[in-house]
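Take a look at the structure set out below.
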Amino acid sequence: MKPWIEAIHAYVPGKSKGSDGRELIKLSANENPFGCSAKAIAALEDIANPALYPDPDSTALREAIGEAHGIDPARIVCGAGSGELLHGAVQAFAGAGDEVLCARYSFSLYPLLAAKVGAQVVYADDDDHAPDVGALLAAVTPRTRVVLLDNPNNPVGTWLAREEVEQLHAGLPRDVLLVIDHAYAEYLAPGMDDGGLALAATQENVLVTRTFSKAFGLAGERIGWATGTPELVSALNRLRGAFNVTAAGQRAALAAMSDPAFVERSRDENIAARALLEREIQALGNYGLRSKPSEANFVLVLFEGALSAEAALHALAEGGYAVRHLPGQGLPHALRITIGTAQQMSEIAAILRQAAEAA
């Protein structure tokens, strides 16, 4: 076995049960609390012949994505979640002895992607936990092959505007691939655009990935897509699995795209419930709690007073909620809380207040 494979620690998903095995309300994996579109459910129930392979090229789905975003379907590739496509991008550009660069606090899958190809993950310094363009560019070396940028960021929730993304791209060598991970893009307020898709349309070293797992509510079906130059898309098509997106998944994603009102409702409800939680956390500032401004469907809460993140995690579990503690990502003092309903956010705030007052 290759030595770098032995060193890999498997991806750890968000928990849904307490230490006693009790089922909790799962706000640890950034899933959509409203499920998915009724049209997607109907498409899943109308199952085609399972004995037949799916369309290996996801043709109809790529055409629908292209029409929605003004992209030539030939410049789109679909994957088993965006994770498969992120893996392909790293695999195409990096190998043993190379470096894969990301912000210090980024999607926990990124170091695994580097490890799988024998590359070294490099973390750029943060700006109070958030990605910093200057720090990313300062961390580039002759061994850098890929820069992974999740925007909005996971687990922090912050967002880099178009000017910052363009600054990052302009400062990179032409032979370094910039991957812009738009997993939470559908949760952005109308008019917010980091320019990633525009860069991917014209720049040979920019790839954008997106997913149906978050705002579309199809996490269980594992559907993602990516776009870039024909050369980048061709590389991913060579590396992705054969028949990688199931027939049911393709049908569900197509149906979900035909119901934009569901995604808009998910976005609007998320913005309102997120603002509620952020206000409640701000009101607990005297107890050492604060949150980072988020543009995603979660909030990162920092515990910098008497109440520790671990104690808050246990209090929330006792109250019936599973959230994400992040010591493995260098954030033992933080909890990432997925945005649920407004009522759930109020209940979580009340639990945190009680725990802070008792600490």
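Terminal number for the sequence shown in the numbering used here: 362, no gaps in between. Even glycine gets a Cβ: it sits at the ideal position worked out from N, Cα and C.
Point to revise | LEU239 to VAL80 span [Cα, whole Å] | key: So the two alpha carbons sit approximately 7 Å from each other.
Exercise for review: List the DSSP bridge partners of ARG293.
Suggested key: Looking at the DSSP assignment, ARG293 forms a beta bridge with LEU305.
Check your understanding: Nearest to LEU30 by CA position, among GLN357, GLY322 and ARG356, is which residue?
Key -> The residue from GLN357, GLY322 and ARG356 with its alpha-carbon nearest to that of LEU30 is GLY322.
Check your understanding: Can you tell me where the beta strand (DSSP E) with ILE11 in it begins and where it stops?
Key -> Looking at the DSSP string, ILE11 is not in any beta strand (DSSP E), and its letter there is neither H nor E.
Check your understanding: Does the beta-carbon of ARG282 have 16 or more other beta-carbons within 10 angstroms, so that it is buried, or is it exposed?
Key -> Looking at its Cβ environment, which holds fewer than 16 other Cβ atoms inside 10 Å, ARG282 is exposed.
Practice item. Report all residues from its chain with a CB closer than 7 Å to the CB of ASN273; omit the five preceding and five following residues, and keep chain order. Key: Closer than 7 Å at Cβ, skipping near neighbours: TYR190, ASN300 and ILE342.
**Study point:** Beta carbon of SER40 nearer than 7 Å to that of ASP262
**Key:** Yes.
Review point. Helix or strand or just coil, what does DSSP make of GLY288?
Key: Of the three classes helix, strand and coil, the one that applies to GLY288 here is helix, per DSSP.
Practice item. Could you have a look at LYS119 and say whether DSSP puts it in helix, strand or coil? Key: Correct three-state label for LYS119: helix.
Check your understanding: Where does LYS29 fall in DSSP's three states?
Key -> If DSSP states are grouped into helix, strand and coil, LYS29 belongs with the strands.
Check your understanding: Going straight from the alpha carbon of LEU305 to that of GLY291, what length do you get?
Key -> Cα-Cα distance, rounded: 8 Å.
Check your understanding: If you draw a straight line from the C-alpha of VAL209 to the C-alpha of PRO155, how long is it?
Key -> The alpha-carbon atoms of VAL209 and PRO155 are separated by roughly 17 Å.
Check your understanding: Can you list, in chain order, the residues of its chain whose CB lies under 7 Å from that of GLU167, leaving out five sequence neighbours each side?
Key -> For GLU167, where only same-chain residues beyond five positions count, the Cβ hits under 7 Å are VAL136.
Practice item. Just the C-alpha distance for GLY98 and GLN170, rounded to the nearest angstrom, thanks. Key: Rounded to the nearest angstrom, the two C-alpha atoms are 26 Å apart.
Check your understanding: From SER269 to GLU102, what does the alpha carbon distance come to, in whole angstroms?
Key -> Each residue's Cα considered, the two are about 37 Å apart.
Practice item. Using the Cα positions of LYS119 and ILE11, report the straight-line distance between them to the nearest angstrom. Key: If I take the Cα positions, the gap works out to 8 Å.
Exercise for review: Please say whether ASP153 and ALA138 have beta carbons closer to each other than 7 Å?
Suggested key: No, Cβ-Cβ distance for ALA138 and ASP153 is not below 7 Å.
Check your understanding: First and last residue of the beta strand (DSSP E) that includes PRO53?
Key -> Here PRO53 belongs to no beta strand (DSSP E), and DSSP marks it neither H nor E.
**Study point:** Three-way DSSP call (helix, strand, coil) for VAL179 in this model
**Key:** In the structure shown, VAL179 sits in coil (DSSP, three-state: anything other than H, G, I, E or B).
Review point. Excluding sequence positions up to five away, which residues of its chain have a Cβ less than 8 Å from the Cβ of LYS295?
Key: Within its own chain, the residues whose Cβ lies closer than 8 Å to the Cβ of LYS295, once the five positions on either side in sequence are excluded, are ASP131, HIS132, ALA133, VAL159, GLY160, THR161, VAL302, LEU303 and LEU305, listed in chain order.
Exercise for review: Could you round the C-beta distance between PRO53 and GLN253 to whole angstroms and report it? I think they count as a contact, below 8 Å.
Suggested key: With a contact defined as Cβ atoms closer than 8 Å, PRO53 and GLN253 miss out at about 13 Å.
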